[in-house]
Every structure is written in C-alpha cells, then in structure tokens.
Amino acid sequence: MAYPYLIQGKNIVVVIGNKSHTISKTHITYQKVLDAIKAGDWDTVKDVIEPKKVVLNYGQGNVSVQGETLFWKGVEMHNALSKRMIQMLQDGFPIEPLVFFMENLMSNPSKRAVTELYGFLEKNNLPITPEGHFLAYKRVRNDFMDIHSGTFSNAPGMICEMERNQVDDDQNRTCSTGLHFCSIDYLPHFGNSDSRTVIVKINPRDVVSIPNDYNNAKGRACRYEVVGELGVDPEEAFTAPVQENANTTSYDMGGSQDWPNPQY
Amino acid sequence: MLLHTAPQNEAILSNVGEVGDFKIKASAKAFAILSSGLYANKIRAIVRELSCNAVDSHVAAGKTDVPFDVHLPNDLEPWFSIRDYGTGLSHEQVTQIYTTYFESTKTTSNEYIGALGLGSKSPFAYTDNFTVTAVQNGKKGIYSAFINGQGVPSIAQMMTEDSAEPNGVEVKFSVNDRYDYSKFRDEARHVYTYFKLRPVVTGYNGFDFIDVAYDTENIIPGVHSYKNSYHSKAVMGNIAYPIEIPNADKVLGELRVLLNCGLEMHFAIGELDFQASREGLSYIPQTIEAIKAKLVAVNSALTSVLAKEADAIDNLWERALFLSNKRSQDLWKAAVGEYVTKNKPALVQLDNNRYWDFLQSPKVMVDELAKKYNISVTAFSHHSGGTTCTSLSNDYDHEKQADGTVKTVYYWQFNVDKGTRFVINDLNIGATERAKFHWKNTPRDADDRGSHVVYVLSKIDKTRPMLLKQFFAAINNPPDAWKTDASTLKQKERATGSLKNVTVLSLQERNSGGYYRSKEMVWRDAGKADSFDSTKTYYYLPLTGFNPISKVSNGFDVKRFFNDLKDCGIETLRSKTIYGVRKGDIEFIKTQSNWINIEDHITKELNSIDNKLTMSLVLQAVDNFNLLSYNDNIVYNVEAVDSPYVKLVKQFKGFEKIKYSEQSLKNLCRMYATHVTFNPQTTVDKFVAECKEIYQRYPLLQYLHSAPNHEVGAYINLIDTQKGVN
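As structure tokens, then:
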C-alpha cells in the first residue's frame, strides 16, 4: 500500500502505520528512500526508512545497537570500525569483508595491538580488502629492497614474514625491529627521491604494534604481502572502503571496483 | 504566564483626518523573522521552547510529576523529538491554535511558562519540516508542518486514527547535519539544568544533566550563590536568564556588586518580563524592581549575619579590620555599608565607595604625644618578601590660623592594619634598631602580604613614665597582643671575632632595563665572610648603611669609583670585585690578612706604576693613528739615524698600548694624589707635546696609517732631507 509522504527541501516525511518517519539528505538511506518512493516500491520504503533497521539488516546478525552505540557480536564496536561499516553500507559494499576483517582481528593474540590498530585505522582512512585484510603504504628502495637494511625484497607479489616475537611490541620504541607499514601521512618522512612506494596487504592478525611517534602514522607487523606499486598520487590511491589494491594502473590486479549491487 | 502588556490608554483625538491601524503582513519574511530570526541560539531555542511546552502541558493535565521524553539525534536515529504526556491536542487545536502565530491558550495564568504563541513554531528556526503527532482522548493525528513554496509555514494532516496511546504531543524533526548531533546534546544539557523534573533522554548513552554546584544555598529562600562563578542568573519557570540590567550602577547602587557574586535568584512565573526569544530578560521597570527587591532582601539577610559577627568582636581595631575585609568581598560590600551607616563603629568610615578610605587610622599630634603622654614615636615599615626596614617619619598638615598665617602641624597616624605593632621602649638605647632586627628576622606567614608598620614608643622625659594606657585609649585601644616590650625582641648577635658573623656585600651593576640608561650600582649580599676562600685576596670598602666610608673623599660616588677603576687601564685595579663590609665589622676584618681596603690598594698600585705601564698609557694617549708605536720595518726604511721620528718611536720600543680612560686615571690620581708620588699623567702630557711636534714636522704622516711601511719611510726621508735632521 502507498504511505502518506512529504518530500520537501532536504527532508522526507513518511507515515507508516501510525508512526511518522523523517529522514534528511545526509542520512545513509535517503537516496534509497527517495528512489523507492519514486518507483512506488513501498515495501522497500518500509525497509530503508529507518537507518537503524538498515544497519541491523546489513550486519546480518553480527551487529546490535544500544542508543547510538553499535555492538559487534555483543562487544562494543570501535568508532573506527563502525564508521567504516556505515561507509561500506552507504557505498553499497557487502558486509562480508568486514566480517572477515573482524574475525582476523579477533585472532590477533595481543589486546594491546588490537587497541593500537583501532587508533591507526581511525587516524588513517585505509581500505580493507575483500578477504578482511587492510592495505597500507610502504617506502622501499628503487630496487624494491627495504630502505633500512636493503636486505629483503618488497617487490610486488612478495610475502615478507618474520617471527612475531622478533617484532618490537613496545609502541614507545619508535624505531625498532619489525616489518613496517605506514599511512599517507608518514610517506614524506621516510626515504628519498629515489624511493618507490608499494602497497602492502596486512592481515590485522599480524599487526604487532603502532609506534606512537608521527601521530600513529606507521605500524609494525610480522607478515605482509606486497600487492603492487603505487602508480598514482598517494591521495588517490584509496577511495573506497573496500579495495583489493591501490587505484594503480600498472599493477592493478583487477576486480576491486566491480562489486555487485548489494541487496538489503 | 500573564503578559506585561502596557495598559491600553484610550487615545483622545480631535480635529484629525483619517485614522488607520498598522497591520502585519503575513509574508514569508514575517514568518521567517518570527520563527528563525527571533533566536540567536537556534538549537537551544528549539530545545527550550518545545520542552517548556511539554512542561506546560503536563501542568495543564495535572501531571507535574511525570517526566516528558526527549530523543537526541545520532547516526542511526538521526532525529530530535520531544514527546509529552499532557493534554494532547485535538485536530482543531492543531490546525487553529498550534499553527497561529501569537495564539496562546496560556495567557490567563501564571502557572504556565509560555504565553507568546511562538515557541511551538520554533523548529522552523532549524528545519523546514517537522512532524506533530497529537493524541487526545483516543484520537491520534499525525501532521507535517513545513515551509511551502512561497516560504509560508503550512501544515498537512498525514494520518488520523483511533488510538489507545496516552494523551500527549510529539514534535519530531530530522537533523540533517551530523555535526549538529553534539550541539543538540550540549544544548539539552544546558537547558535542562534548571528543570525541576528532568526529562527522560534517549538517543545518547552517556547523557548526563548538569548539577549546579552552590557555594551557599538559600541565602534567603530561593537565592543561592554559585561556586566559582561571577555571573548572576534569574530563574523563572525552569529557564535561567542572565541578569544584565542596563546602567546597573545607577539603578541598583551599592547592591549591584551582589550581581558579581554568582547569585541564582528564583522568581515566580510572571514576576519578570522577558524577550520574545526568551534568551534574555526584558528590563521594564517591573523586572528591575523585582530583581532589586530580591537583592535588598538578600542584603538585609547578609547584614544581619554580618552584624552578629561584627558585634561579637569586642576590640574596635579587630572589628574595623573584620569589616574592612568583608567590604572587599562583593557579596558583603553592601551589607558592610548598611552596617556601618547604622552602627557607626569606630575606625571605619564610608567615603564615596573609595575602599582605600574605609579604614580610618587614628591621628595624634606630635606635641600632644609629648605633652600629654610623654611619648615620642619612631616608626618603620617592613615588607613581605623584603629583608629591609624603611624608616618612616611623621605626617604634617598646614593649618590656617585665625590671623591668616599658615602653621605646619605634625602628627602620627597609626595604621589600622593587622600587621601594625607597638614596641614599648624599655631599653636605654637601641630599641628601634633592635625592633628592626627583630622584624627583619621574623619570617612571615605565606598569606601575610604587604607592608606593615611598627611604632616604637619612647619616653621623652626619661624621669617620668609614658602614659601608655591613656595613649592607647585615645586611639581606641589596639589589641594587647600587638604591644611588645623592646626588651623581649630578638637581638642581633654581635660580631665576636668570627668570620661567620661578618656580612659581606658586593658592588654590582644592576640592569636598568633600558638600552640607553646607564646602569645603577647596587650592593648585593655576598654571604658571610667565612664562605670566602681564605687563600685569596679580597678588596673591600667599609660601609655605613650602604654608603662607603672613604679615606679621601666625603661625597663618595660609588658608581664613578667603580667605573674609574674599570677604565683606569691599570690591570691590578680594573679586574677587582669591590666588596662592602659593614662599619661594625671593620675592626675585625682588618685583622684578616686576605681582606684589603681597596683604597689602600689603589694608593699602593698608583705608587708603583712603573715605566712600562706609564709608557703604555702614553702610547695609548698619543698614538691615534698607530704610527708612533715602534715599528722595525718603518725604522729600517728611514735613512737618517738622527731623524726626530726615529728618536721618538725608539722611546716606545717594547711597549704596547693599553686601553684606558684618561679621565678615569686622572680621577683616581686626584683622589689619591696626596699619597701618590708619581703621576703618570705628567709624563703623558710631556709626550703629547713631543708627538705634536712630530706631527707638525711630518704633516702628512697621519694620513699614512694604512700605507705600506716603505712608503712611510720614504715620506719621512723626504721631510728629513728637506728640513734637515738637526
């Protein structure tokens, strides 16, 4: 059945049953509501008019809400991740990458590393990958060897690994052992004009610590995979909440932008 | 509430033309002004107005103990809503009253906060669109209020049905900008501070209300003072208004300072008039009178508390100090004024609010002290943080006599101050010095700041006693604890042949704080003499007070002395630190072989000026162009062995210039001339004459100071050849 509605300015008011619902342009499902009203698709209107309900549906049972706080399987979700989830929802990505990401994160043996990683992800808008890893930058020498020692290769396709207990897990020791990755803010601070920048894919399980210098802009892990070289302006490398690689041309492994239109 | 509209005076018109009424045009502009333009803080206005309506509705329904509901916007529920459980609204009320500006059902009673008929439209200050859900007696209607295409507010009925929900109204609108979520939260916290019954707030887990911290509650019923705040507020009908009475000093007089004390004053609805926006009060006479009446009541309550405390203090000096202390506090200022006006206590006086004139120090003429009480007074002040005492002398006035002449009269004014002390001289001599020593060496409490005066009272006629009792009675009896016999005070330990009792000062330049001002000289404490290395030699000047005792000069200018030593060019004089040793310690310090009177040292050094030093000084004095120092390379180039140039410079062979000030050296020599057998200046003068001759003989020599040696030599040869060498 058709519901009484009013579309005006930035707002839509729909009365469903005996309840009024109101939604504004900036809210996550505004466009869906508008499209559904225009199409006369009243069932969809009912489904998407309440952002809370939409989020719960999107979470596929993993997510619950109390007041304004989101919970993932009963544990309060860090702001960095709830923001990421809303972003994914709005951009039409499926929930699975986040489910995998959360599973990977929960298998990280260090509570402290997890907490530090939240801070890192909140500061730095880095995408997660479909298999629940996240992408970050790394500066390497012109021959893809690491800048510090020049002994191991970070050529695209390489998987770098070391024993977790060999990685310095003290965030106050800012320059120490471990496989380093960084966010865009750290790039200008390391390497020289001859250096290259590669994109590394890190399982949140393998993150050991986030040193507290440079405003949480770099991290240490015990394993990562080099997925490509940065072929574009670093600012343009990551534009979607879920990506498989940077928006490069030369090393694009393909597929990352072609998500099917998700169904709620 | 009942509105304070002016009484309707009938206008009496006569012999006029056509009469017409002013009208209001119901245009988009008018509606925008009334719903949005009215409020400075729009979000706060919406929260406040809708909440007041909710409270009013609960009052009307007799449900003052039932809280209303507030929903704050968040990411997942991005709307603001207020739901009350009052009387609700019928379809007619929504479409007729709710939507009519200035229509209000609450203007007949002061039970209600509202009255203007504007508050329900306040959501339009933030949004173009809000919904009103009204439930009344089993009927529920949902309405959407919106600004239509012409900019005029409209309302549409979206739904109506029978309902079992409790009566009440919900106003709800979507918050578009997520950055406003926290603003709604903050404004809600602010608005609900003074709500007697706080609403149930949802939508934000950590929401907490502000609980006001009071310093004093119920100074009089319904007036409290805040902790750490200087701003007073009027609270009327759950809303707090800042009190900002125009020209408050004139309107309220001394009571105005009470408003600086952070008072929270509660008024019944209707007592004060307010601005249509409810963001401030409207200061019509009635508002001002109501506030003033409350302040008067507060002040009289304070006055009676103050009077009780003040009356309990028997000593008049202590009572005066108590009042003075209270007078400096804003809360008590007017109360003290009232108390003093009424009771006229001694030693205080109100004088045009000049707080420094409040304490009245008693005044006694010097000759009256002598004749009546056999007392002479000496006085000094000491300062917190200072190590010195400053002697004070009596005051004087010029009194006009009956015959028109002016006579100077001298008097002492005894400071009413908590640090004032009276020392009764029961010693033969030295009472003042002993008192000074005592107060210099008695540490003060950390909170005891400022300067205090000590009066030393001595007999004038040593054969008669001082009439102390009568004297103290004449000045209203300062507290007994403030009076001390001189013999009970701390006494200075005399120097008894030990270095640790000798205080040494050092003469230092004090930075004067400006580039172009010369530096002042000060004597600074350099510690006790035993802290000095006994294997090193020190040079001192004997001091009385801070004045050097010189062997040769009466008007001893220490600054000039210091600079003369510095600039005299004699190495053994200019590099010395000058220490000061007090008169009382001189005899002892003389026995110490490493402490030498600097004047003796100067005399000795001036006496032993050798030829080398003299010649160096001469060279500095005469050789402006660096051409007269002995220079082998020039002399080599000069052919005539007897050349006057060579004769002159050979005298300087082996000497180097020393920078010095001729004036400084002259000064030292003059001051210590009687002891000096040799005056380097005469030698200098002799050479100056010789050099002058050389420059006359070789007129271009002075221009050759940067020429190569052989050219200088060639020039000398040229002159020597022309003028001859004999």
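Respectively, the protein sequence lines represent chains A and B. Under my numbering, think of the first position of the first sequence as -15, with each following residue one higher. Under my numbering, think of the first position of the second sequence as -15, with each following residue one higher. Glycine included, each C-beta is placed from N, C-alpha and C at the ideal position.
Between which two residues does the beta strand (DSSP E) carrying residue i extend?
| i | result |
| --- | --- |
| A205 (chain A) | K202 to A205 |
| D379 (chain B) | D379 to K384 |
| R405 (chain B) | R405 to I408 |
| T725 (chain B) | Outside the modelled stretch of chain B, which goes from -15 to 710, sits residue 725 (chain B), for which no answer is possible. |
| S284 (chain B) | Run containing S284 (chain B): none in the beta strand (DSSP E); it sits in the alpha helix (DSSP H), P269 to D295. |
Beta-carbon of residue i versus every beta-carbon of chain B: anything under 8 Å?
| i | result |
| --- | --- |
| T10 (chain A) | yes |
| D19 (chain A) | no |
| L(-10) (chain A) | yes |
| Q50 (chain A) | yes |
| G(-7) (chain A) | yes |
| I70 (chain A) | yes |
| P195 (chain A) | no |
| V225 (chain A) | Note that residue 225 (chain A) is Pro in the sequence shown, not Val. It does not: the Cβ of P225 (chain A) has no partner Cβ on chain B nearer than 8 Å. |
| V39 (chain A) | yes |
| K36 (chain A) | yes |
| S4 (chain A) | yes |
| I7 (chain A) | yes |
| T13 (chain A) | no |
| Y248 (chain A) | Because Y248 (chain A) carries a pLDDT of 43, less than 50, the predicted location of this residue cannot be relied on, and no value is offered for it. |
| V32 (chain A) | no |
| V47 (chain A) | no |
Would you mind reading off the limits of the alpha helix (DSSP H) that contains residue i?
| i | result |
| --- | --- |
| N595 (chain B) | N595 to V606 |
| Y165 (chain B) | Y165 to V175 |
| W466 (chain B) | Careful: W466 (chain B) lies outside any alpha helix (DSSP H) and carries neither H nor E. |
| S471 (chain B) | Neither: S471 (chain B) is in no alpha helix (DSSP H) and is coded neither H nor E. |
Contact defined as beta carbons within less than 8 Å: I believe residue i pairs with residue j. What is the distance between those atoms, to the nearest angstrom?
| i | j | result |
| --- | --- | --- |
| V38 (chain A) | V32 (chain A) | 6 Å |
| A118 (chain B) | V153 (chain B) | 5 Å |
| Y176 (chain B) | R169 (chain B) | Actually they do not touch by this definition, with Cβ atoms about 11 Å apart. |
| G264 (chain B) | Y210 (chain B) | The pair is not a contact, with the Cβ atoms about 19 Å apart (cut-off 8 Å). |
| N283 (chain B) | E248 (chain B) | Going by Cβ atoms, the distance from N283 (chain B) to E248 (chain B) rounds to 16 Å, so no, they are not a contact pair. |
Tell me, please, whether the CB atom of residue i is closer than 8 Å to any CB atom in chain A?
| i | result |
| --- | --- |
| I124 (chain B) | In the sequence under discussion, the amino acid at residue 124 (chain B) is Lys, which differs from the Ile named in the question. Yes, K124 (chain B) lies at the interface with chain A (some Cβ there is under 8 Å from its Cβ). |
| E156 (chain B) | Note that residue 156 (chain B) corresponds to Lys in the displayed sequence, not to Glu. So, interface residue. |
| D164 (chain B) | no |
| F15 (chain B) | no |
| A232 (chain B) | no |
| Y188 (chain B) | yes |
| N113 (chain B) | yes |
| T117 (chain B) | yes |
| L549 (chain B) | no |
| F130 (chain B) | yes |
| P62 (chain B) | yes |
| A45 (chain B) | no |
| A140 (chain B) | yes |
| E293 (chain B) | no |
| E171 (chain B) | no |
For this session: Report yes or no: do the segment 203 to 217 of chain A and the segment 184 to 191 of chain A share at least 3 C-beta pairs separated by less than 8 Å?
Result: The segment 203 to 217 of chain A vs the segment 184 to 191 of chain A: in contact.
For this session: Only counting runs of 3 or more residues, tell me where the beta strand (DSSP E) segments fall wholly within the segment 305 to 364 of chain B, in order along the chain.
Result: When DSSP assignments are scanned along the segment 305 to 364 of chain B, the uninterrupted stretches of beta strand (DSSP E) that are 3 or more residues long and fall wholly within it turn out to be 347 to 349.
Exercise. Are the segment 276 to 288 of chain B and the segment 116 to 128 of chain B touching, with three or more C-beta to C-beta distances below 8 Å?
Worked result: Touching, no.
Exercise. Per the contact definition of three or more C-beta pairs closer than 8 Å, is the segment 515 to 527 of chain B in contact with the segment 568 to 579 of chain B?
Worked result: In short, these stretches touch, since the Cβ pair count reaches three.
Exercise. Contact between the segment 323 to 334 of chain B and the segment 294 to 312 of chain B: three or more CB pairs below 8 Å?
Worked result: Result yes; three or more Cβ-Cβ pairs closer than 8 Å.
For this session: Answer yes if the segment 193 to 200 of chain B comes into contact with the segment 229 to 236 of chain B, meaning at least three C-beta pairs across the two stretches below 8 Å, and no otherwise.
Result: With a cut-off of 8 Å, the segment 193 to 200 of chain B and the segment 229 to 236 of chain B do not count as touching, because too few Cβ pairs lie within range.
For this session: May I ask you to verify whether the segment 80 to 94 of chain B touches the segment 79 to 91 of chain A, counting CB pairs closer than 8 Å and requiring at least 3?
Result: The segment 80 to 94 of chain B is not in contact with the segment 79 to 91 of chain A.
For this session: Please go through the segment 62 to 138 of chain A and give each complete alpha helix (DSSP H) segment of 4 or more residues, from N-terminal end onward.
Result: The alpha helix (DSSP H) runs lying completely inside the segment 62 to 138 of chain A and spanning 4 residues or more are 63 to 75, 80 to 90 and 95 to 107, given in chain order.
Exercise. Hey, is the segment 371 to 383 of chain B in contact with the segment 394 to 408 of chain B, meaning 3+ C-beta pairs nearer than 8 Å?
Worked result: Touching, per the Cβ criterion.
Exercise. Counting Cβ pairs, one atom from each stretch, are 3 or more of them under 8 Å apart for the segment 430 to 443 of chain B and the segment 414 to 421 of chain B?
Worked result: The segment 430 to 443 of chain B makes contact with the segment 414 to 421 of chain B, as at least three CB pairs between them are under 8 Å.
For this session: Pick out the complete alpha helix (DSSP H) segments inside the segment 515 to 558 of chain B, 4 residues or longer, and give them in chain order.
Result: Whole alpha helix (DSSP H) segments, 4+ residues: 542 to 551 and 555 to 558.
Exercise. Does the pairing of the segment 421 to 440 of chain B with the segment 340 to 352 of chain B give three or more beta-carbon distances under 8 Å?
Worked result: These segments do not touch.
Problem set entry | Completely contained beta strand (DSSP E) runs for the segment 166 to 228 of chain B, where each covers 3 or more residues | Annotation note: the segment 166 to 228 of chain B contains the following uninterrupted beta strand (DSSP E) runs of length 3 or greater, listed N- to C-terminal: 184 to 186, 198 to 204, 207 to 210, 217 to 220 and 223 to 226.
Exercise. Touch check for the segment 353 to 372 of chain B and the segment 420 to 428 of chain B: three-plus C-beta pairs under 8 Å?
Worked result: Pairwise C-beta distances place the segment 353 to 372 of chain B in contact with the segment 420 to 428 of chain B, as three or more of them are shorter than 8 Å.
For this session: Scan the segment 13 to 58 of chain A and note each continuous alpha helix (DSSP H) run of 4 residues or more that stays entirely inside, going in chain order.
Result: Those alpha helix (DSSP H) runs which fall completely within the segment 13 to 58 of chain A and span 4+ residues are 14 to 23, 26 to 32 and 35 to 42.
Exercise. Does the segment 58 to 69 of chain B touch the segment 151 to 170 of chain B, meaning 3 or more C-beta pairs lie closer than 8 Å?
Worked result: Using a Cβ-Cβ distance cut-off of 8 Å, the segment 151 to 170 of chain B and the segment 58 to 69 of chain B are in contact, since at least three pairs of beta carbons, one from each stretch, lie closer than that value.
Exercise. Taking one C-beta from the segment 138 to 156 of chain A and one from the segment 53 to 60 of chain A each time, how about it: are there three or more such pairs within less than 8 Å?
Worked result: Between the segment 138 to 156 of chain A and the segment 53 to 60 of chain A there are fewer than three C-beta pairs closer than 8 Å, too few to call the two in contact.
Exercise. Would you call the segment 179 to 186 of chain A and the segment 109 to 122 of chain A touching, i.e. three or more CB-CB distances under 8 Å?
Worked result: At 8 Å Cβ cutoff, the stretches touch.
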